[in-house]
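This report concerns only the one structure given below.
Protein chains: 2
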Amino acid sequence: MERQIFEVHKKVPFYEVNTLNEWHLSAMLNGMLAVADDQLDATGAGDTMMHDLNMGWVITQYHFDIKRFPVSKEPVTMTSWADSYNQFFFYRDYALKDAQGEELVHIKSSWVMMSFATRKMVRVNPDIVKKIQAPQVRGVKKFLRIPQKDYSQAIHKPYRVRYFDIDANQHVNNVHYFDWMLDTLDMDFLTKYVIDTVDIRYEREIHYGSVPESYVLQEPDPEGTGITTFHAIKTGDELNTECQLHWHLRKA
Amino acid sequence: MERQIFEVHKKVPFYEVNTLNEWHLSAMLNGMLAVADDQLDATGAGDTMMHDLNMGWVITQYHFDIKRFPVSKEPVTMTSWADSYNQFFFYRDYALKDAQGEELVHIKSSWVMMSFATRKMVRVNPDIVKKIQAPQVRGVKKFLRIPQKDYSQAIHKPYRVRYFDIDANQHVNNVHYFDWMLDTLDMDFLTKYVIDTVDIRYEREIHYGSVPESYVLQEPDPEGTGITTFHAIKTGDELNTECQLHWHLRKA
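Structure follows, in structure tokens:
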């Protein structure tokens, strides 16, 4: 079966960049998700079909490799394709290229299907994945196992869930978590280092009116040119997400 | 001189809508500003020229008329054009139409030019406005004078400025103010009423690390089908913005 790669050309919106003119991680991910959403709609496997089946996609984990963040107004080509699926997991890739065709960002992701009736995970529906031409595989793909850390002494900040954070699913769009995670690091850190890998695992959704806390720990690389940050977002005792970012020193 | 109308076609991003599937006011305004920015870049009056002149545009006031908010994935046509300019003010309009060509949103705006050297307002530079074919006028356009209210007893919430709120200008992108203003209203209000007009006046920028407070007062219309909300954002004693929104009851 031929892999079906969906492609969107766009310019990085000037209002979605940080102080260094780089596309925000969260905004970039939203842009990637829109490419996949366009593909699902175009193949008839989009919202309409999912609503009819009373089911939804739920992200479980992302892995990002980032060579460079595209900058304000830079023209980029964003692609997405179904990698494969097994009984319970659906795997999707996303890639972002610059105008010279060089890949700047690659994302691997793992999804499950949830029944809205039971709020439980169900087997992947083959009618849907056939429409998007995902090859069936037997094995389960390995994603990084994010180490469980002791956050009891970690720096943390509260994030009262705002009206704007809630989407049409009536809970927090989990892409916002990246903003809450990065905001726990100070501006000095964020201008000195830049992210090269992201591993995030989603555990439990967050609702309007909650006040989750975003925790961060830092572990410098032995050779001193990079640093790993470990993040957890918790609402009370409940874990919402955990994440591991690797950063390297920006070039002067 | 022919008016030069710049036009962009897009779909409302599914990740920029509220719980009722409507495009967020802030996201919609960002989309409109991007159309104007495209026009400025296309005519050679964009960032490059402004940086060379060591000047920037500063918004002073917007007026919005909103017939209907476009919804998730709805195709829209967004346009912007220079209305006119006088010695100190530059006026720009924005319009958003649906697929049938019906105008859903119209925005009028008033801008000044600031010298980055003195941080003061300067006369409108005719070299720039000629490039975008703005007709010169004598008079000053009237925008609504937003009434000064006593906010001492008003409902208010603090908004710690986050990393994500800061843009490449190193201060808060003032489009975010709309999210802070709307979030002071509760979900019941926001699902019962919908905005039909917006008047906002910008006073003073907000910096990283600040904790502005967003204040709101409500005044029901005499006939009971609408309501006006008055908003102020203040950092300490300093006024950052004031705004007046009119809302009508949503149709059942």
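Chains as they are written, first to last, in full-length UniProt numbering: chain A, 1 to 252; chain B, 1 to 252.
All C-beta atoms, glycine included, are put in the ideal place defined by N, C-alpha and C.
In this text, all values refer to a predicted model and were calculated from it rather than measured experimentally.
Next on the checklist: Please report the distance separating the alpha-carbon of T235 (chain A) from that of L190 (chain A).
Outcome noted: 25 Å
Item to check | Beta-carbon separation (whole angstroms), H231 (chain B) vs Y208 (chain B), contact threshold 8 Å | outcome: No, H231 (chain B) and Y208 (chain B) are not in contact; Cβ-Cβ is about 22 Å, not under 8 Å.
Checklist entry - Taking Cβ positions only, does P13 (chain A) come closer than 8 Å to chain B? => result So, interface residue.
Checklist entry - Should V58 (chain B) be labelled buried (16 or more other beta-carbon atoms within 10 Å of its own) or exposed? => result exposed
Next on the checklist: Which residue wins for smallest C-alpha separation from V161 (chain B), given the options B:L217, B:T184, B:P126, B:E213?
Outcome noted: If you compare the alpha carbons of B:L217, B:T184, B:P126, B:E213 with that of V161 (chain B), the shortest gap goes to B:E213.
Item to check | For P135 (chain B) and G44 (chain A), the rounded distance between their alpha carbons | outcome: 49 Å
Next on the checklist: With three or more beta-carbon pairs closer than 8 Å as the criterion, would you say the stretch 25 to 38 of chain A touches the stretch 77 to 87 of chain A?
Outcome noted: In the pairwise beta carbon analysis, the stretch 25 to 38 of chain A is classified as touching the stretch 77 to 87 of chain A: at least three pairs are separated by under 8 Å.
Checklist entry - What does S72 (chain B) reach in chain A if we use C-beta pairs closer than 7 Å? => result Neighbours of S72 (chain B) in chain A, taken as residues at a C-beta separation under 7 Å, are given in chain order as A168.
Checklist entry - Which whole-angstrom value describes the C-beta separation of Y62 (chain B) and V211 (chain B), a residue pair presumed to lie in contact below a C-beta threshold of 8 Å? => result In fact, because the Cβ distance is near 25 Å, the residues do not count as touching under 8 Å.
Checklist entry - Can you tell me where the alpha helix (DSSP H) with W180 (chain A) in it begins and where it stops? => result 177 to 182
Checklist entry - Does any residue of chain B bring its CB to less than 8 Å from the CB of L245 (chain A)? => result Chain B contact via Cβ: absent.
Item to check | Given K11 (chain A) as reference, the closest of A:V112, A:R3, A:W23 once Cα atoms are compared | outcome: A:W23
Item to check | Partner residues on chain B for N173 (chain A), Cβ-Cβ distance less than 9 Å | outcome: Neighbours of N173 (chain A) on chain B, chain order: Y15.
Item to check | Inter-stretch contact (C-beta, 8 Å, three-pair minimum) for the stretch 222 to 231 of chain B and the stretch 159 to 174 of chain B | outcome: no
Checklist entry - Would you say M78 (chain B) reaches chain A, if we count a Cβ-Cβ gap shorter than 8 Å as a contact? => result With a threshold of 8 Å between beta carbons, M78 (chain B) makes no contact with chain A.
Checklist entry - Is H231 (chain A) helix, strand or coil when you go by DSSP? => result strand
Item to check | Reference E205 (chain B), options B:I146, B:I195, B:V194, B:D167, closest by Cα | outcome: B:D167
Next on the checklist: Is there a Cβ of chain A sitting closer than 8 Å to that of L190 (chain B), yes or no?
Outcome noted: With 8 Å as the cut-off, L190 (chain B) counts as an interface residue toward chain A.
Item to check | Selected residue, minimal CA-CA separation from F178 (chain A), among A:H51, A:Y159, A:Y163 | outcome: A:Y159
Checklist entry - Which residue's Cα is closest to the Cα of T60 (chain B): B:P13, B:S110, B:R68, B:V105? => result B:S110
Checklist entry - From residue 254 (chain B) to V35 (chain A), what does the alpha carbon distance come to, in whole angstroms? => result No answer is possible for residue 254 (chain B): the residues shown for chain B start at 1 and end at 252.
Next on the checklist: Cβ closer than 9 Å: which chain B residues qualify as neighbours of T118 (chain A)?
Outcome noted: Neighbours of T118 (chain A) on chain B: none; closest Cβ ~23 Å, over 9 Å.
Checklist entry - Whose CA, out of A:A82, A:R92, A:E74, A:R123, lies closest to the CA of A99 (chain A)? => result Checked all of A:A82, A:R92, A:E74, A:R123; the closest Cα to A99 (chain A) is A:E74.
Next on the checklist: Would F89 (chain B) and V122 (chain B) qualify as a contact pair, given that the criterion is a beta-carbon distance under 8 Å?
Outcome noted: no
Next on the checklist: Taking the alpha-carbon of I5 (chain A) as reference, which of A:I195, A:D38, A:V124, A:Q148 has the nearest alpha-carbon?
Outcome noted: A:D38
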